[in-house]
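K.L.:
The structure's right below; bear with me while I get my questions together.
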Amino acid sequence: MGAADWDAADWDVAEWGFLGWAGACAATAIAAGLVFLAAGLFRALRRAPAAKPGFALERLAEAPPPRASPARRASIRSASDAADALLAKAERATASRAKRALDVAAALALLVLFAPLIALAAVLIRLDSPGPVLYRQRRVGLHGRVFQMLKLRTMTADAEKEGPCWAAQNDGRVTRVGRILRKTRFDEIPQAINVLRGEMSMVGPRPERPEFVRLLEREIPDYRLRHAVRPGLTGWAQVKYVYGASVEDARVKLRFDLDYIRRFAVRFDVVILLMTVRVALFGLGSR
């Protein structure tokens, strides 16, 4: 969070002579405090996403106190400027027509090319365990908006009867067919429909569940920055890091997610998609 800088030498105390020295000091302190607060609030409101009204107050709370050292203020301004640059990059990535064209083309190709295999997977899922073929789950997307993400069901129908919990690499709730679908990432293909709806992108940070987002935003600074772009069917973290199911894993993945936003380019998306094919074929990477 940025803050207004000032120097006591810049104030003409003589103009306040009629108040006396003590009055001048008090008035100067009040004025400086108001300038500091106004500047901080203005920048906080300017940065706050429309869907996150509380974000402005959280940013404002990060501002240094008026007596903070110049080094402390410079450090916070530096971090703030870096966040601003990252959010500006995210905005360009989200608005990119070339990225959207790639998303639509790739999503349509997935649905058309794999239609026979999707039908076969649907039959196998029904034969393997009772329950629906498609699984809908609430996930957090662009600007913190919640949407229904689609997947082929890979777990038993009562997998979360005791409440939401992270899936593990050798999760006992996963069905026999589900293990194959997860290993090849084939269970994610229905998310091509989410891509066509504009809720997701082919490449981006993987969307997380609202329950886990609340936890991770408390535990990990800047976790909310990953919501500045559309979530992806695959992502930089998914092709570079192992399967994760903890806060520490989420910290590592966040670094990859923010690195993806900084390096955004359509050609980078193509590289990640090609790497995802390799991951699917050899069973590497994360969810």
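Residue numbers (UniProt numbering): 1 to 287. Virtual Cβ for every residue (Gly too), placed ideally from N, Cα, C. Small disclaimer: the values here were computed from a predicted structure and weren't measured.
How about the stretch 261–268 and the stretch 213–220: do they share at least three Cβ pairs that are nearer than 8 Å?
P.N.:
no
K.L.:
Would the beta-carbon of D103 fall within 7 Å of that of K151?
P.N.:
As a first step, residue 103 must be located in the sequence shown, where it is residue number 103. As a first step, residue 151 must be located in the sequence shown, where it is residue number 151. Their beta carbons are not under 7 Å apart, which means D103 does not touch K151 by this criterion.
K.L.:
Based on DSSP bridge pairs, tell me the residues matched to V279.
P.N.:
Counting from 1 along the sequence shown, the entry for residue 279 is found at position 279. DSSP lists no partner for V279.
K.L.:
Is V140 helix, strand or coil by DSSP?
P.N.:
Working through the sequence shown from its first residue, we reach residue 140 at position 140. In this structure, V140 counts as strand in the three-state DSSP scheme.
K.L.:
Can you have a look at Q148 and say buried or exposed, based on whether 16 or more other CB atoms are within 10 angstroms of its CB?
P.N.:
Within the sequence shown, residue 148 is the residue found at index 148, counting from 1. Its Cβ having fewer than 16 others within 10 Å, Q148 is exposed.
K.L.:
Identify whether T234 lies in helix, strand or coil by the three-state DSSP scheme.
P.N.:
On the sequence shown, position 234 is the one that residue 234 refers to. DSSP, reduced to helix, strand and coil, places T234 within a strand of the structure shown.
K.L.:
Tell me whether F147 sits in a helix, a strand or coil according to DSSP, three-state version.
P.N.:
In the sequence shown, the residue the question calls residue 147 occupies position 147. F147 falls in the strand class under three-state DSSP.
K.L.:
Kindly list the residues whose CB is nearer than 6 Å to the CB of G141, restricted to its own chain and excluding five residues on each side of it in sequence; keep chain order.
P.N.:
If you number the sequence shown from 1, residue 141 lands on position 141. Correct list, in chain order: F147, E199, P207, P231.
K.L.:
Just grab the DSSP bridge partners of S201 for me.
P.N.:
To locate residue 201, count along the sequence shown from 1; it is residue 201. The partner list for S201 (beta bridge, DSSP) reads G232.
K.L.:
Please determine, among L181, T276, A121, R262, the residue with the shortest C-alpha to C-alpha distance to D84.
P.N.:
For the purposes of this step, residue 84 is taken as the residue at position 84 of the sequence shown. Per the Cα distances, R262.
K.L.:
For the candidate residues I220, H143, V133, R97, whose alpha-carbon lies nearest to that of W154?
P.N.:
Position 154 of the sequence shown, counted from the start, is the residue given in the question as residue 154. Here residue 154 is Thr; the residue named in the question, Trp, does not match the sequence. Answer by Cα proximity: V133.
K.L.:
Put Y223 into one of helix, strand or coil per three-state DSSP.
P.N.:
Locating residue 223 in the sequence shown gives position 223, where the first residue counts as 1. When DSSP states are grouped into helix, strand and coil, Y223 belongs to the helix group.
K.L.:
Here's a check: name, in chain order, each residue in its chain whose Cβ is nearer than 6 Å to the Cβ of R224, leaving out the five neighbours to either side.
P.N.:
In the sequence shown, the residue the question calls residue 224 occupies position 224. So the qualifying residues of the chain are E217.
K.L.:
With a CB to CB cut of under 8 Å and the five nearest residues on each side skipped, what residues in its chain are close to E91?
P.N.:
As a first step, residue 91 must be located in the sequence shown, where it is residue number 91. Correct list, in chain order: A228.
K.L.:
Let's see if you can read the secondary structure: which residues bound the alpha helix (DSSP H) around F256?
P.N.:
The residue you call residue 256 lines up with position 256 of the sequence shown. Note, F256: alpha helix (DSSP H), 247–262.
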